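K.L.:
This structure is in structure tokens; I'll ask about it shortly.
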Amino acid sequence: KVIAKEAKKRREAAEAFAQGGRTEQAEREKAEGELLDGYLPKQLTDDELNVIVASAVEEAKAAGAEGPRAMGAVMKIVNPKVAGLAEGGRVAA
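Written out as structure tokens, the structure is:
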């Protein structure tokens, strides 16, 4: 988790530096982020993530979850399956 947080910080910093016109700093942050990414497990593709989420939605519906409460039930099913393989923002989307 520590490496994932640091890699994310580097990506965000690279974007901020690029927007501020500091391309040299942005390139350095991007390179550091890519180096850290090499130590992380391969991230799920959007298609793989969609299959897992669709399966969890069906499972939550079968358990009787509906409406906004279903989101919490789906996340409880999905999060353990994708821990370390997809960022929470991607899962929630």
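Counting with my numbering, you get residues 66 to 158 for the letters of the sequence shown.
Using N, Cα and C, we set each Cβ at its ideal position, and we do this for glycine too.
From a predicted model like this one, the values you see are computed outputs, not experimental measurements.
When we look at the beta-carbon of ILE68 and count the other beta-carbons within 10 Å, is it buried (16 or more) or exposed?
P.N.:
Exposed is the call here.
K.L.:
By how many angstroms is the C-alpha of LYS146 removed from the C-alpha of GLY94?
P.N.:
Here the sequence assigns Glu to residue 94, which means Gly is not the residue at that position. So the two alpha carbons sit approximately 30 Å from each other.
K.L.:
Under DSSP, the alpha helix (DSSP H) around ALA79 begins and ends at which residues?
P.N.:
Element bounds for ALA79: 67 to 84.
K.L.:
Excluding the 5 residues preceding and the 5 following THR88 in the sequence, name in chain order all residues of the same chain whose CB lies nearer than 8 Å to its CB.
P.N.:
Here the set comprises PHE82.
K.L.:
Is GLU123 helix, strand or coil when you go by DSSP?
P.N.:
Reduced to three states, the DSSP call for GLU123 is helix.
K.L.:
Counting Cβ pairs, one atom from each stretch, are 3 or more of them under 8 Å apart for the stretch 98 to 114 and the stretch 128 to 137?
P.N.:
Short answer: they don't touch.
K.L.:
Over the uninterrupted alpha helix (DSSP H) stretch that includes THR88, give me the two end residues.
P.N.:
Unbroken alpha helix (DSSP H) run through THR88: 88 to 102.
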